[in-house]
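Student: Heads up: the sequence shown begins at 1 in our numbering, then just goes up one per residue.
For each residue, glycine too, the CB sits at the ideal point set by N, CA and C.
A single structure is presented below for examination.
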Amino acid sequence: MKKTTTRMLAEGGVSIGLALALSYLKIPVASLGGSIDFVMVPLIVFAYRWGLWQGLLAGLAFGTLKFFIAGGAAVNWQSMLLDYSVAYAFVGFAGLLRKKKGLLPVSALIGCAARYLVHFVSGITIYRMYAENEVDVLGSMVATPNAILYSVVYNAVYMLPNTIIAIAVCALLLKPVEMLDRF
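Right, dumping it as structure tokens:
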């Protein structure tokens with residue numbers, strides 16, 4: 001039991017550290033925040049290997065550290081909690097399919113969808129003040145007449161590419177990740 005706990009903690013630390021390092025390699029795409037990056041991949045792999053609760057904790061730790069260390073921005077403390085700590089914790093839902101053979105890409109989809117849901121809720125509750133405005137979508141202004149549409153469009157601008165990237169990278173990592181259990 002001790003060896004497993006030590007290994008899990010070590011992998012969690014490496015996953016969080018790798019995600020933090022990857023957070024500096026990003027393509028900003030949304031005017032108020034949001035970028036395309038690889039940060040979810042290590043968190044998804046960790047959650048897939050160790051399960052839901054461990055994934056939630058690793059995501060929570062990463063999201064909180066990302067806000068304070070990697071230049072997070074928020075309009076208030078609620079947006080800091082939702083858009084960083086809670087949103088990245090929800091990536092841990094990738095752990096629902098813990099070690100189900102061949103389902104790492106599906107786990108990635110689950111983790112990304114869970115994170116998107118948190119950003120959507122943040123958009124319709126905290127960022128609703130911007131709903132009357134237009135959203136900058138890769139240089140083109142898109143009108144958003146209400147908070148729900150605003151949140152759907154704004155968060156999809158960066159979450160859809162991030163989801164595609166996470167699923168593709170996880171598909172490439174499927175065999176190596178599944179081989180880790182042999183050691």
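How long is the line joining the alpha carbons of Pro161 and Gly34, rounded to whole angstroms?
Tutor: 11 Å
Student: Do the region 39-48 and the region 96-115 touch if we need at least three Cβ pairs shorter than 8 Å?
Tutor: In short, these stretches touch, since the Cβ pair count reaches three.
Student: Roughly how many angstroms lie between the CA atoms of Pro176 and Ala147, to the nearest whole one?
Tutor: Here the alpha carbons of Ala147 and Pro176 stand approximately 42 Å from one another.
Student: Which partner residues does Pro28 have in the DSSP bridge list?
Tutor: Ser35
Student: Determine the contact status of Phe90 and Arg128, defining contact as a CB-CB distance below 8 Å.
Tutor: no
Student: If Gly12 sits next to Ala87, beta carbons under 8 Å apart, how far is it from one beta carbon to the other, in whole angstroms?
Tutor: Contact flag wrong, Cβ pair sits at about 18 Å.
Student: For a test of the three-state rule: what should DSSP assign to Ala70, helix, strand or coil?
Tutor: Coil at Ala70, not helix or strand.
Student: Which residue wins for smallest C-alpha separation from Cys170, given the options Gly111, Ile69, Leu82?
Tutor: Gly111
Student: Roughly how many angstroms lie between the CA atoms of Tyr24 and Tyr158, to the nearest whole one?
Tutor: 16 Å
Student: Rounded to the nearest angstrom, what separates Leu81 and Leu172 at their Cα positions?
Tutor: Rounded to the nearest angstrom, the two C-alpha atoms are 32 Å apart.
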